[in-house]
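Going from the first sequence to this note's numbering is simple: count from 1 and add 1.
One structure is given below, encoded as structure tokens.
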Amino acid sequence: MYQAVKGTQDILPADRAYWRYVTEQMHAVSALFGLQQIDTPIFEETSLFVRGVGEGTDIVDKEMYSFQDKGGDDLTLRPEFTAGVMRAFIEHGMHVLPRPVKLYSIGPIFRHEAPQAGRYRQFHQFNVEMLGEMDPAVDLDVMSVAWMLLTRLGYRGLNFQLNSTGCRKCRPGYRAALVDYFKAYEDRLGDVDRRRLAINPLRLLDSKEPAVQPLLDAAPHSADHLCDECATHLAGLRGYLAALGMPYTINFRLVRGLDYYTKTVFEVWAEGIGSQSAVCGGGRYDGLVEELGGPPTPGIGFAMGIERVIASLKQQGITPPALAEPRVQVSPLGEAARLPAIRLVNDLRAAEIGALLAFGGRSLKSQLKSADKAGVAYTVILGDTELANGVAVVRDMASSQQETVAADGIVDWLRARVIRNT
RNA sequence: GUGGCCAUAGCUCAAUAGGCAGAGCAUCUGGUUGUGGCCCAGAAGGUUGCGGGUUCAAGCCCCACUGGCCACCCCA
């Protein structure tokens, strides 16, 4: 039997209310911030991601779905949004737009990882980018999008993890300080951590090795090695966060897996959804647009994992509003009533009243049973007797009261009640 | 990619120590003329994830594969 490819999943109707709820809130909150929606292709030239995300990152080195198409082009299913959005920003000359340029996207992302709860090979992200402005108030604006969205979805006790990883000027110094510090303890490091020390020492801060933990406490903090510009930027952002009362924890061990981040990095964690607790992560990437061939343009953004958000909503017992369902069923009795019933259902839908036809010519008992299961408010019963008299019987399913209504007035009769009910 | 645990009806789970594969929920039908929910009866639903092996006999033991979960790793 066929089954969904490893790490992919079907989003079934039973989950649709969550998806609708979450994505509607994403659009609504984006509108409040003046974010405009942009949809870029699901695949791009492979080299765009290699340059954008960075060689040596896990994403580029081992997680990309890359392939050659029939024309021999090297393409990759997007493993993140930012590189593609930056490509579009540059390609369409969006740097001439009033700044900051505020963009958001919603769609699938692909990474070849070992699947686990909350971690999939195809998953969905809500992505926000603000381009062209250095002001730390933009950092605040971006973080506020995540904050307001999660708050509106029902999260309580939110807390940002915040750090600054410096910039091109000050990061090399910090990196050197880290290497110096850990070199002294190299014999205590495991293979993995020793490799990190050589390749990407910042990642050592993220180590879970028990033997390394005591070392981490005394390791140099990035915050102590920031240049004046980066330090001022971070101080400015912290002032704004405090002013808005948005709680955050300075987490000097917070590093992100993409090379392009500068200065501000942040994450939001949700508890109780397994080990994949980062529900949202992002940061500033002031050199990226230039790196990809555009004009020097600072930027900051974040991505939020929709599957993880939904998992944590469920875990917290937050239920989304129900989706709209048909409020009326039309039940014909006997062959003669079928055509009038089909016409009535059609008229009801044309009048914006959701309506179901009872199929199959079953007994009235069986038809009422199905109406009950469908959860409709009214069932219109149309049999020989009613046809002969030019009427229909309308049954209120909640009260079991029935009323005889003139056939040509049924749509109006129902419109008056169903709208009140919904 | 590495290691551990797991896989029985659509769902949640049973099946004594290898010995005829079951229940609840869900689905469909019926409980007397054209009236739902509760209740009762019945039906349908399975190559026990896939493929091998051991055995008189395998859901149960062994091997490989696939998938899920957990940890590592990484991140959303």
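Every residue, glycine too, gets a C-beta built ideally from N, C-alpha and C.
Contact check for residue 101 against residue 132 passes: the beta carbons are separated by less than 8 angstroms. Per DSSP, residue 351 is one residue of the alpha helix (DSSP H) stretching across 339-351. Spatial neighbours of residue 339 in its own chain (CB-CB distance under 7 angstroms, excluding positions within 5 residues in sequence) are listed in chain order as 333. Distance from the CA of residue 251 to the CA of residue 70, rounded to the nearest whole angstrom, comes to 45 angstroms. Looking at the DSSP output, residue 267 sits in a beta bridge with 163, 283.
Residue 64 places its beta carbon 8 angstroms or farther from that of residue 125. If you draw a 10 Å sphere on the C-beta of residue 368, you find 16 or more other C-beta atoms in it, and that means buried. Listed in chain order, the alpha helix (DSSP H) elements of length 4 or more contained wholly in the region 94-159 are 137-154. Note that the C-beta distance between residue 87 and residue 289 is below 8 angstroms.
With respect to the 8 angstroms criterion, residue 238 and residue 205 are not classified as neighbours on the basis of their beta carbons. The DSSP-derived three-state label of residue 85 is helix. In the DSSP secondary-structure assignment, residue 69 is bridged to 75. Between the region 356-371 and the region 385-392, the count of Cβ pairs shorter than 8 angstroms is below three; the stretches do not touch.
For residue 85 and residue 35, the gap between their C-alpha atoms comes out near 21 angstroms.
Just measuring C-alpha positions, the residue of 304, 293, 271, 291 sitting nearest residue 284 is 304. As summarised for the region 282-337, the continuous beta strand (DSSP E) elements at least 3 residues long and confined to that stretch are 300-306, 329-333, given in chain order. Judged by DSSP secondary structure, residue 183 falls outside any beta strand (DSSP E) and instead within the alpha helix (DSSP H) spanning 172-184.
Contact check for residue 146 against residue 301 fails: the beta carbons are separated by 8 angstroms or more. Leaving aside the five residues that flank residue 247 on each side, the residues in its chain whose CB is nearer than 6 angstroms to its CB run, in chain order, 148. Counting the other Cβ atoms within 10 Å of the Cβ of residue 330 gives 16 or more, which makes it buried. Beyond the five residues adjoining it in sequence on each side, residue 189 comes within less than 6 angstroms, by CB distance, of 212 in the same chain, given in chain order. Contact between residue 266 and residue 151 fails: their C-beta atoms lie close to 18 angstroms from each other, not under 8 angstroms. DSSP, read as helix, strand or coil, puts residue 357 in strand.
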